[in-house]
Amino acid sequence: MADFIERLPVIESPCINICDIDAASDVCRGCARTLDEIASWGSATAEWRAAVMAALPGRRNPAVD
Numbered sequence: 447m448a449d450f451i452e453r454l455p456v457i458e459s460p461c462i463n464i465c466d467i468d469a470a471s472d473v474c475r476g477c478a479r480t481l482d483e484i485a486s487w488g489s490a491t492a493e494w495r496a497a498v499m500a501a502l503p504g505r506r507n508p509a510v511d
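All residue numbers for the sequence shown refer to the working numbering, where the first residue is 447 and numbers rise by one.
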């Protein structure tokens with residue numbers, strides 16, 4: 447089992463440990479992802495995660511960055 451775990455790819459995450467969902471936008475104030483995106487992150491394809499990562503700069507709150 448340890449061999450399997452060592453071969454798992456690293457999943458880049460935009461999480462910055464400021465986990466607070468904005469009620470108006472339904473987007474996390476820290477990482478700028480929706481709850482659905484956060485919940486799906488670990489099992490999502492690399493392509494899907496890349497698309498979400500590309501969309502994040504337009505959602506970010508400059509006051510948090």
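All C-beta atoms, glycine included, are put in the ideal place defined by N, C-alpha and C.
Here the structure is a predicted model, which is why all the values come from computation and not from measurement.
Scanning I457, A485, C461, M499 for the CA closest to the CA of R475 turns up C461. For the options N463, I464, T480, the alpha carbon positioned closest to that of A470 is the one of T480. Contact annotation: A478 and R506 have beta-carbon atoms nearer than 7 Å. In the structure shown, D466 adopts coil according to DSSP, grouped into three states. In the DSSP annotation of this structure, the continuous segment of the alpha helix (DSSP H) that includes S486 starts and ends at 481-486. The Cβ neighbour count for E483, taken over all protein chains shown within 10 Å, is at least 16; the residue is labelled buried.
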